[in-house]
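Let me begin by presenting the structure, written as structure tokens, before commenting on it.
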Amino acid sequence: MGHLQTNSTHRPPTMADVARLAGVSHQTVSRVLGDHPNVRDETRIRVQRAIEEMGYRRNSSARALVTRRTRTLGVVASDTTLYGPASTLFALEEAARAEGYVVSTVGLRRLTVETVAEALDHLSEGGVEGVIALAPQRSAVEALTELRRPFPVVAVGTGSGVEIPSVNVDQRAGARLATGHLLASGHRTVWHLAGPEDWQEAADRADGWRATLEEAGVAPPLPLGGDWSPLSGYRAGQELAGWVGRGLTAVFVANDQMALGVLRALREAGVRTPEDVAVVGFDDIPESEFFAPPLTTVRQDFATVGKRSIGLLLDLIEGRTPDESSRIAIEPQLVVRASTFPYLPQPGTAPG
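Residue numbers (our numbering): 761 to 1112.
Have a look at this one:
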């Protein structure tokens, strides 16, 4: 087999170059690359030798034209500076790579019908085979439900009540773990600092807290509201400090960042944690182990969220899961640290 000058110092070899070197047609090379059965063994060997000799690497776009598979998945997301969405996005990218896919991400300031529609159109033009939408706000879930979806879509982080394929950590179960832990430690009631009203996960955590108290025969205190930030937790903590000695001995905070603010506000007010007020957070961010004191919290398994989300999307793409209403719930885990311990009311103090 003779050698062919391909100007390889100026450009990579093409399929046409391989065809000329092997003495076959362009279509034959394409059949060999596509593992087509109607190619003689002798011809297949000759083409494969030409490919090796020239160092030919098939362009992914060219492969997509033949197979109609781009091996690309889309992700639509917002609020990726927050720990939950950021951790979920990282887990999705890792899980996609493990399955041989690349991820194309569209970040949006806010997920509305209009912005989600534009994002899906953009990803469709890029040839993605399916999309995962990180949709924590109710408006995002409504947008996904209303829109025509040109390819399989899996929603993540939506909380409960979605009508499209989804993967979520069971937020209500996590809140039950947190609230039940505090009640089992001897606290008569548990106060709650909730997340933003438009986040379904925040609503689910509040629902789990409320249901656990009601099942124990305890009337839930009026919850306070925050925006996930340490500053909103700090301001809420200043308000909570005023209730110490008047029934407040335990607080379930809807995320760890707000819990950090609560702990500081209580400390500045001379309230000891956990001796005077026990605090439980949610998320188990890497820093929570190093709070003062180390924070008891609810851990979400984001790696599993990523794997299950990619797995469900690929099942939908391949037709292995015909049920378009597939919903997967992942159980959270309580991580107990020094911000809580069995509560023993001090002599002479009013019970919580």
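Glycine included, each C-beta is placed from N, C-alpha and C at the ideal position.
Please read these numbers as outputs of a predicted model, since none were measured by experiment.
Simplified DSSP assignment, three categories, for residue i
i, result
"D1016", "helix"
"A1029", "coil"
"T1056", "strand"
"I1090", "strand"
"I924", "coil"
"W969", "helix"
"I892", "strand"
"H952", "strand"
"G940", "helix"
"V914", "strand"
"L764", "Below a pLDDT of 50, predicted positions are generally treated as unreliable, and L764, at 45, falls in that range; no measurement from the model is reported."
"L984", "strand"
"D1043", "strand"
"A1110", "Because A1110 sits at a pLDDT of 45, beneath the cut-off of 50, its placement in the model cannot be relied upon, and the point is left open."
"T803", "helix"
"A851", "helix"
"T841", "coil"
"T832", "strand"
Residue from the options whose Cα sits closest to the Cα of residue i
i, options, result
"G844", "D1061, E1091, G1079", "D1061"
"Q897", "A858, T840, E878, P912", "T840"
"G917", "L1023, R909, A895, I1090", "A895"
"V1095", "L1076, A1063, I1077, T1057", "T1057"
"S911", "A933, S920, E885, G921", "First, the amino acid is wrong: residue 911 is Phe here, not Ser. Ranking the options by Cα distance to F911, first place goes to E885."
Whole-number beta carbon distance between residue j and residue i, since they are thought to touch under 8 angstroms
i, j, result
"L904", "I1070", "Actually they are not in contact, since the Cβ atoms of L904 and I1070 sit about 18 angstroms apart, beyond 8 angstroms."
"A893", "K1067", "That belief does not hold up - the Cβ atoms of A893 and K1067 are roughly 17 angstroms apart, past 8 angstroms."
"L842", "A877", "So it is not a contact: roughly 24 angstroms between Cβ atoms."
"P1092", "L937", "7 angstroms"
"V909", "L880", "Residue identity differs from the one stated: residue 909 is Arg in this sequence, not Val. Yes, R909 and L880 are in contact; Cβ-Cβ is about 7 angstroms, under 8 angstroms."
"V1022", "A996", "6 angstroms"
"N928", "A1089", "6 angstroms"
Assigned exposure category for residue i - 16 Cβ within 10 Å defines buried
i, result
"R870", "exposed"
"H941", "buried"
"R791", "buried"
"V835", "buried"
"L1020", "buried"
"G1005", "exposed"
"F1050", "exposed"
"R965", "buried"
"S847", "buried"
"Q787", "exposed"
"H947", "buried"
"I805", "exposed"
Short CB-CB distance (under 8 angstroms) between residue i and chain C
i, result
"D964", "The structure shown has no chain C; it contains just one protein chain."
Residue i Cβ short of 7 angstroms to the ligand SAH heavy atom set
i, result
"A782", "The ligand SAH is not among the ligands present in this structure, which contains no ligands whatsoever."
**Asked** Does the count of Cβ pairs from the region 1000–1013 and the region 949–961 closer than 8 angstroms reach three?
**Response** yes
**Message:** Is it the case that the region 977–984 contacts the region 1028–1036, given that we only count it when at least three CB pairs across the two stretches are under 8 angstroms?
**Reply:** no
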